[in-house]
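Trainee:
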Amino acid sequence: AQSVTQPDIHITVSEGASLELRCNYSYGATPYLFWYVQSPGQGLQLLLKYFSGDTLVQGIKGFEAEFKRSQSSFNLRKPSVHWSDAAEYFCAVWGTASKLTFGTGTRLQVTL
Amino acid sequence: DTGVSQDPRHKITKRGQNVTFRCDPISEHNRLYWYRQTLGQGPEFLTYFQNEAQLEKSRLLSDRFSAERPKGSFSTLEIQRTEQGDSAMYLCASASPQGANEQFFGPGTRLTVL
């Protein structure tokens, strides 16, 4: 069965600093991987996705993620964080039964 | 607005009551998904429709839960005899035939069972 692990429950960074959120997945075949962002009380917005091809994918709001098959990882990065990036971030894998399996999320706090 | 919409956004009910939520997907999206998200957790898959056919149900979907998509457009999720453990955010997502792997989420319905 597919699974996603986000080892960091909560991360605090200063505005302007770089950011990396970790994601490890478990899936038998080639994974389809996603990062979503959720603001308090809201639904999920897709940041970026990886299906195949270039392992470095660009997303919205200046985010990027790198797929590393050897490490079963799909870490999210941003060179310079803005205060508006404070939110909950979810990594997900699409697999069997056409469903998404999500990690438990990483809450990002941005200090000014 | 052409995104996924859900109604109501918030629902407070007493234990034992029945509740029904509605989801309107993006037009022409033939796939519709329901997820449940509890505090501090990621969304968990509940069920999935392709057009009007319900193709997959999670073990999380007990007998008290029923979902329908009668005309292949909007969907309803009903919870009978609600329990406090049903308190959660219920999220709906839709996907097109071409981009079935990419799901677009609605704002969710937050259920509180007292």
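So the sequences go chain by chain: A and R.
Going by our numbering, the first sequence opens with residue 33, and the numbers climb by one from there.
Going by our numbering, the second sequence opens with residue 2, and the numbers climb by one from there.
Built from N, CA and C at the ideal position, the CB exists for glycine as well.
Taking only three categories from DSSP, how would you classify Asp25 (chain R)?
Mentor: Within the second sequence, the letter at position 24 stands for residue 25 (chain R). In this structure, Asp25 (chain R) counts as strand in the three-state DSSP scheme.
Trainee: Exposed or buried, Ala33 (chain A), counting other C-beta atoms within 10 Å across all chains shown (16 or more means buried)?
Mentor: Residue mapping note: residue 33 (chain A) aligns to position 1 of the first sequence, counting from 1. Its Cβ having fewer than 16 others within 10 Å, Ala33 (chain A) is exposed.
Trainee: Can you list, in chain order, the residues of the segment 82 to 102 of chain R whose Cβ is nearer than 9 Å to any Cβ on chain A?
Mentor: From the segment 82 to 102 of chain R, only Met90, Leu92, Cys93, Ala94, Ala96, Ala101, Asn102 have a Cβ closer than 9 Å to chain A.
Trainee: Closer than 8 Å by beta-carbon distance: list the chain R residues that pair up with Gln74 (chain A), in chain order.
Mentor: Here residue 74 (chain A) is taken as the residue at index 42 of the first sequence, counted from 1. By Cβ distance, chain R contributes Pro108, Gly109.
Trainee: What's the call for Asp86 (chain A), buried or exposed, on a 16-neighbour Cβ count within 10 Å?
Mentor: Within the first sequence, numbered from 1, the residue matching residue 86 (chain A) stands at position 54. The residue in question, Asp86 (chain A), is exposed, as its Cβ has fewer than 16 Cβ neighbours within 10 Å.
Trainee: Using a Cβ-Cβ cutoff of less than 8 Å, which residues in the same chain neighbour Arg16 (chain R) once the five nearest sequence positions on both sides are dropped?
Mentor: Position 15 of the second sequence, counted from the start, is the residue given in the question as residue 16 (chain R). Answer for Arg16 (chain R): Thr83, Glu84, Gln85, Val114, Leu115, listed in chain order.
Trainee: With 9 Å as the C-beta to C-beta threshold (strictly closer), list the residues of the segment 47 to 67 of chain A near chain R in chain order.
Mentor: Residues Tyr64, Phe66.
Trainee: Going by the beta-carbon positions, is the gap between Asn102 (chain R) and Trp126 (chain A) smaller than 8 Å?
Mentor: Along the second sequence, read from residue 1 onward, the residue named residue 102 (chain R) stands at position 101. Along the first sequence, read from residue 1 onward, the residue named residue 126 (chain A) stands at position 94. Yes, Cβ-Cβ distance for Asn102 (chain R) and Trp126 (chain A) is below 8 Å.
Trainee: Is Phe46 (chain R) closer than 8 Å to Ser59 (chain R) when the C-beta atoms are compared?
Mentor: Locating residue 59 (chain R) in the second sequence gives position 58, counting from the first residue. Locating residue 46 (chain R) in the second sequence gives position 45, counting from the first residue. Yes.
Trainee: Drop a sphere of 10 angstroms on the beta-carbon of Gln38 (chain R), count the other beta-carbons inside from all chains shown, and report buried for 16 or more, exposed for fewer.
Mentor: Residue numbering aside, residue 38 (chain R) sits at position 37 when the second sequence is read from its first letter. Label assigned to Gln38 (chain R): buried.
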